[in-house]
Amino acid sequence: MKPKNSAENYGKCLCMQCPLYIDCNKAEAERIFCARTKSECAMDSGKMCRCPIDCPVYSENKLAGAYFCITGLKE
Ligand code: SF4
């Protein structure tokens with residue numbers, strides 16, 4: 001299920017602690033890519049996505065896959 005694009009999920013999102021997260025994302029205030037859309041920034045897919053590891057938004061919404069900042073959420 002696609003997570004809600006809510007202030008609650010924005011606060012729970014671990015994107016900012018993800019190895020892929022860069023200054024460009026920060027400057028654009030980009031987060032919760034799973035609930036919104038992919039990033040406009042140049043994300044490095046060679047790094048390990050944090051989403052499936054320990055993000056509460058991921059587990060609470062029973063998501064599958066990863067790298068939502070690159071691909072968006074495929075429903
Ligand atoms: S699953 Fe990934 S994109 Fe979604 S809120 Fe968590 S860290 Fe952010």
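Per full-length UniProt numbering, the sequence shown starts with residue 1, numbered consecutively. Positions of the beta carbon are idealized from the N, C-alpha and C atoms, including for glycine.
Considering just the uninterrupted stretch of the alpha helix (DSSP H) at residue i, what are its terminal residues?
i	result
residue 11	7–12
residue 26	23–27
residue 69	68–71
residue 32	It is not in any alpha helix (DSSP H) - residue 32 carries neither H nor E in the DSSP assignment.
Leaving out five residues before and five after residue i in sequence, what residues of the same chain have Cβ atoms less than 6 Å from its Cβ?
i	result
residue 12	56, 57
residue 32	9, 10, 13
Given residue i, which residues of its chain have a CB within under 7 Å of its CB, disregarding the five upstream and five downstream residues?
i	result
residue 49	18, 20, 66, 67
Using the Cβ count rule (16 or more neighbours within 10 Å means buried), how would you classify residue i?
i	result
residue 25	buried
residue 39	buried
residue 1	exposed
residue 16	exposed
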